[in-house]
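Here the sequence shown stands for residues 12 to 731, where the numbers follow our numbering.
Every residue gets a Cβ at the ideal spot worked out from N, C-alpha and C, and that includes glycine.
Encoded as structure tokens, the structure appears first; notes follow it.
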Amino acid sequence: QRLLEVYDSLPHAFDELDASPHNLDAALDDAPLDLHEFMAGVGMLRPPISAVQAHFAFRGLDGNRDDQLDKDEFVRGLTLGYATTSTTTSHTSSTATTTTSSPPAPTTTATSTTTTSPHAEGMSSGTLTLEEFRRCMLAAYATPLQAFHAMEMNPADIHTFTHFAHTFRPPLTAEQARFAFNGLDADGDELLVSVEFFEVLRLGHFSPSADELKAMFGLRASTTTTTSILATVAASGEEGALGKIGPASQCSFQPGLALAALAAYAARTLFVMLRLPGACGAVLAGAALAWLLPGGLPALVPGWQPGQLPDAAYELLLLLALVSSGLGASLPDASACVVTWGLLPAAFECAATAAYGAIALDFGFGDSLALGVALFAAGDGIAAPRLRQLAAAHGDGLHAPRLAALAAPLEGLVAFGLFGALLGLASPLAGSPQRAVAGFLGAGVSLAAGAALGLIGGCLLAKRSSVCGLGSRRGYVGMAAEAALWAAAFVLAGLGLGALSPGRASLSGPHALSRASGGTSGASGGFDSGGAEGGGGPAGSDLAAVLVRPELAALGASAAVSFASGPAVLHAVQGVAGGVWLPGQLVLLGSLGAAGGPQVRAALPRILPMAALGLAARLVGSFVAVAATLRCRPHSDAQNRAADRAALGADTALLFLASLPRSAVQAAVATAPALRGFLGASGGGQEAAAFVAAAATFYVGVLSPLGVICLDAWGPRILR
Numbered sequence: 012q013r014l015l016e017v018y019d020s021l022p023h024a025f026d027e028l029d030a031s032p033h034n035l036d037a038a039l040d041d042a043p044l045d046l047h048e049f050m051a052g053v054g055m056l057r058p059p060i061s062a063v064q065a066h067f068a069f070r071g072l073d074g075n076r077d078d079q080l081d082k083d084e085f086v087r088g089l090t091l092g093y094a095t096t097s098t099t100t101s102h103t104s105s106t107a108t109t110t111t112s113s114p115p116a117p118t119t120t121a122t123s124t125t126t127t128s129p130h131a132e133g134m135s136s137g138t139l140t141l142e143e144f145r146r147c148m149l150a151a152y153a154t155p156l157q158a159f160h161a162m163e164m165n166p167a168d169i170h171t172f173t174h175f176a177h178t179f180r181p182p183l184t185a186e187q188a189r190f191a192f193n194g195l196d197a198d199g200d201e202l203l204v205s206v207e208f209f210e211v212l213r214l215g216h217f218s219p220s221a222d223e224l225k226a227m228f229g230l231r232a233s234t235t236t237t238t239s240i241l242a243t244v245a246a247s248g249e250e251g252a253l254g255k256i257g258p259a260s261q262c263s264f265q266p267g268l269a270l271a272a273l274a275a276y277a278a279r280t281l282f283v284m285l286r287l288p289g290a291c292g293a294v295l296a297g298a299a300l301a302w303l304l305p306g307g308l309p310a311l312v313p314g315w316q317p318g319q320l321p322d323a324a325y326e327l328l329l330l331l332a333l334v335s336s337g338l339g340a341s342l343p344d345a346s347a348c349v350v351t352w353g354l355l356p357a358a359f360e361c362a363a364t365a366a367y368g369a370i371a372l373d374f375g376f377g378d379s380l381a382l383g384v385a386l387f388a389a390g391d392g393i394a395a396p397r398l399r400q401l402a403a404a405h406g407d408g409l410h411a412p413r414l415a416a417l418a419a420p421l422e423g424l425v426a427f428g429l430f431g432a433l434l435g436l437a438s439p440l441a442g443s444p445q446r447a448v449a450g451f452l453g454a455g456v457s458l459a460a461g462a463a464l465g466l467i468g469g470c471l472l473a474k475r476s477s478v479c480g481l482g483s484r485r486g487y488v489g490m491a492a493e494a495a496l497w498a499a500a501f502v503l504a505g506l507g508l509g510a511l512s513p514g515r516a517s518l519s520g521p522h523a524l525s526r527a528s529g530g531t532s533g534a535s536g537g538f539d540s541g542g543a544e545g546g547g548g549p550a551g552s553d554l555a556a557v558l559v560r561p562e563l564a565a566l567g568a569s570a571a572v573s574f575a576s577g578p579a580v581l582h583a584v585q586g587v588a589g590g591v592w593l594p595g596q597l598v599l600l601g602s603l604g605a606a607g608g609p610q611v612r613a614a615l616p617r618i619l620p621m622a623a624l625g626l627a628a629r630l631v632g633s634f635v636a637v638a639a640t641l642r643c644r645p646h647s648d649a650q651n652r653a654a655d656r657a658a659l660g661a662d663t664a665l666l667f668l669a670s671l672p673r674s675a676v677q678a679a680v681a682t683a684p685a686l687r688g689f690l691g692a693s694g695g696g697q698e699a700a701a702f703v704a705a706a707a708t709f710y711v712g713v714l715s716p717l718g719v720i721c722l723d724a725w726g727p728r729i730l731r
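What follows is the structure, given as structure tokens:
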């Protein structure tokens, strides 16, 4: 009020505050004010503002705590009201308290004066702690995830948040809602996204400090001040403050990846020489790299951290994983018996693991499903070759090893499909009744579209030798590389289906789920919808983004190519694709070890009972699958069925042991940046993502070698 008695508007007042008789030109620019300029400017008002009062006002208006007051902060603060907070975090406790300072002397400000809400008795009219905010929120909603979905906007602006806060029990006042919004809006962009909402709730107090912002957004240690953190975060996005964040996207990562791949390859070679799974060696090499170099490689690659892949690198590796999984599944041989052996035990383990996450770990529904999907799939590239060797060594009369070898690749194929469908549940339509339908419908449409392309490509691939050019020259000479390139072209065509939709879908982006409704902070990747700039595109474009999943289309295309191309051609394509996939697999496994290795020891008390429960459920599922398929074995005479019934226990044990080794699927899913974004949107945040990575590291690094040792030692005895 005192400013408006002198100046005609708040922007005009800001322009004049830094002007002085010695520098009248300062009124012509919009340069930020420091504390001394602000104190000098308000000290010339009549009656003057005291130095103590000016200091208090400056701290309250300086929203991003950078000791610089710009025009937006000045106008917004005086228009909407301000409060100065000081946060004290205890390092010996997981809780933190937020206290609010008051002006040292009464003064007239532009802050609106309201009385305390009768429903919010015990809290001041303009401030509250995070625990008070959480208590009021959970009195109205069962979980933070349900509460966030109730806003129906992601990102949410102050108006949406204020309306949302009025639904609390007791409801928050407008001043309390503004205070809570400022405390949750970590990057100060006036938009609240799910990452900020859930991470600040996890921290336990409003207004994260500089160190907490670095931990939240994964910034490197050289970023020290709040201003530089927010500038780095803002610069990393395309339009907003939560784009591609992390050291791997901020620096040259090739030397770091080369070092990680070299270490993983050396460890893999050693483990293969010892007849142990090479995947285990690659994971342990990544964990050792993270343990030996916890601070990164500042001398070689400034800011690079082991275990962090840039989005572009991960997207390429994921494409290789999808192609390998689709081509590795021998769909022409997928009889009812093979499908039952491949899916029923996996379903038992996935359900048991998800139930453990929900009951024992207190995970939400989405987090529990993500945990089960990330861990259940067996490593077909480890067990299948050994099963074929066992089948060859014991003659043609035994069908169990061959059935188990054909069933193993189906688990990886289903795991990738379930992961894509699961991420589709956190779609741009989150919070609406169409969410689940759109997610699963999108997965089905994408797989069907990719499969149609793959069938065309597989049929043409099988007949490519009959294509002739000029005269009698053959268009193709029958080389394996030709077949692989042809198959890759149709798989990439399936991947390119995403370009036909208004929003691009991808498994790579970490924060896309938090902006899925199309806010200003759009980033590429991550099953993101893109949307319209500035707060949500039309529902039709969001729905189109949900219905087109390029990676799932690529998965369907590669599986259809393997179905339609014929055994000889498929074998040639698998050889080329396997050679290309091997280095990518090593990088993913090394990244998994580096990301989850340091957390395995702390998480081991929770991982061991989870693994025991999941494997016990898989053993039961293996017995049910073997017993249910006695009548659909390749032979059908009464004598062989009697022998199969007598070998029911042996076949169950063999199928169970063949499923113990884990490798590529866990590495691809657990290291997915989109998994972290999904867990953040589901309320689990970084802690849930760290546990998934640690559990996947344990499964690949410990469970795989144990499974191989048991299969090599007991497999021949079981078959005898």
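Thr98 in three-state terms, based on DSSP
The pLDDT assigned to Thr98 is 36, lower than 50, so where the model puts this residue is not dependable; a value taken from the coordinates is nonetheless given after this. Reduced to three states, the DSSP call for Thr98 is strand.
Reference Tyr325, options Leu600, Gly215, Glu27 and Val86, closest by Cα
Looking at the Cα atoms, Leu600 is the closest of the given residues.
Separation of Ala332 from Ala679, as counted between CA atoms:
Inter-residue distance for Ala679 and Ala332 is about 7 Å (C-alpha atoms, whole angstroms).
Reduced DSSP category for Ala68 - H, G, I as helix; E, B as strand; rest coil:
When DSSP states are grouped into helix, strand and coil, Ala68 belongs to the helix group.
Compute the beta-carbon to beta-carbon distance between Gly297 and Gly604, rounded to the nearest angstrom, for a pair I have assumed lies under 8 Å.
The C-beta separation of Gly297 from Gly604 comes to about 3 Å, placing the pair in contact by the 8 Å criterion.
Among all the DSSP beta bridges, which residues are the ones paired with Ala167?
According to DSSP, Ala167 shares a beta bridge with Leu203.
Report the rounded CA-to-CA distance for Phe217 versus Ala197, giving the unit in angstroms.
Separation of Phe217 and Ala197 (C-alpha to C-alpha, rounded to the nearest whole angstrom) is 9 Å.
In this structure, how does DSSP classify Ala724 when only helix, strand and coil are distinguished?
Residue state, collapsed to three classes: helix.
Output the boundary residues of the alpha helix (DSSP H) element that contains Tyr367.
Taken as a continuous stretch (DSSP letters only), the alpha helix (DSSP H) holding Tyr367 covers Ala347 to Ile370.
Exposed unless 16 or more other CB atoms sit within 10 angstroms - verdict on Ala272:
Buried: at least 16 other Cβ atoms inside 10 Å.
May I ask you to report which of helix, strand or coil DSSP gives Leu44?
Correct three-state label for Leu44: strand.
Is it right to say Pro620 is buried, meaning 16 or more other beta carbons lie within 10 angstroms of its own, or is it exposed?
Burial call: exposed.
Should Val204 be labelled buried (16 or more other beta-carbon atoms within 10 Å of its own) or exposed?
It is buried - the Cβ of Val204 has at least 16 other Cβ atoms within 10 Å.
Reducing DSSP to helix, strand and coil, say where Leu80 ends up.
In the structure shown, Leu80 sits in a strand (DSSP, three-state: E or B).
Is the beta carbon of Ala563 sitting closer than 8 Å to the one on Gly392?
The sequence given here has Leu at residue 563, not Ala. Contact: no.
Compute the Euclidean distance between the alpha carbons of Arg57 and Arg13, then round it to the nearest angstrom.
Rounded to whole angstroms, the gap between the alpha carbons of Arg57 and Arg13 is 8 Å.
His582 - containing alpha helix (DSSP H), residue span
Taken as a continuous stretch (DSSP letters only), the alpha helix (DSSP H) holding His582 covers Pro578 to Ala639.
Find the nearest neighbour of Gly461 within the set Ala357, Val591, Gln400 and Ala570, judged by alpha-carbon distance.
Checked all of Ala357, Val591, Gln400 and Ala570; the closest Cα to Gly461 is Ala570.
Nearest-angstrom Cβ-Cβ length linking Thr178 and Ala161, presumed shorter than 8 Å
Confirmed, about 7 Å.
Span separating the alpha-carbon of Leu398 from that of Val334
Rounded to the nearest angstrom, the two C-alpha atoms are 23 Å apart.
Do Arg279 and Ala299 have their C-beta atoms within less than 8 Å of each other?
8 Å or more divides the Cβ of Arg279 from the Cβ of Ala299.
Specify the secondary structure class of His160 as computed by DSSP and reduced to three states.
DSSP places His160 in helix when its eight states are reduced to three.
Going by beta carbon distance, what residues of the same chain come within less than 7 Å of Pro716, once the five residues before and after it are set aside?
The residues are Leu287, Pro288 and Cys291.
May I ask you to report which of helix, strand or coil DSSP gives Asn75?
Three-state DSSP puts Asn75 in coil, outside helix and strand.
Would you mind giving the Cβ-Cβ distance between Ala426 and Val676, rounded to the nearest angstrom? I have them listed as a contact below 8 Å.
With a contact defined as Cβ atoms closer than 8 Å, Ala426 and Val676 qualify at about 5 Å.
With distances taken between CB atoms, is the gap from Pro420 to Ala395 smaller than 8 Å?
A contact, by the Cβ cut-off of 8 Å.
Quick check: what's the CA-CA separation for Ala707 versus Gly608?
In a straight line, the C-alpha of Ala707 is about 9 Å away from that of Gly608.
Helix, strand or coil: how does DSSP classify Lys255 here?
For Lys255, the predicted structure reports a pLDDT of 33, less than 50, and the residue's modelled location is therefore unreliable. The matter cannot be settled from this model.
Determine, using beta-carbon pairs with one atom in the segment 363-375 and one in the segment 410-424, whether at least three such pairs fall under 8 Å.
With a cut-off of 8 Å, the segment 410-424 and the segment 363-375 do not count as touching, because too few Cβ pairs lie within range.
Taking contact to mean at least 3 C-beta pairs separated by less than 8 Å, is the segment 466-473 in contact with the segment 490-509?
Contact holds: three or more Cβ-Cβ distances are below 8 Å.
Three-state secondary structure (DSSP) of Asp373
Coil.
Taking 6 Å as the limit between beta carbons, can you name the residues of its chain near Ala327, skipping five residues before and five after?
A small fix is needed here, since residue 327 is Leu in this sequence, not Ala. Only residues of its own chain outside the window of five on either side were considered, and among them none has a CB closer than 6 Å to the CB of Leu327.
Helix, strand or coil: how does DSSP classify Pro219 here?
Of the three classes helix, strand and coil, the one that applies to Pro219 here is coil, per DSSP.
Under a three-way DSSP split, which group does Phe387 fall into?
Correct three-state label for Phe387: coil.
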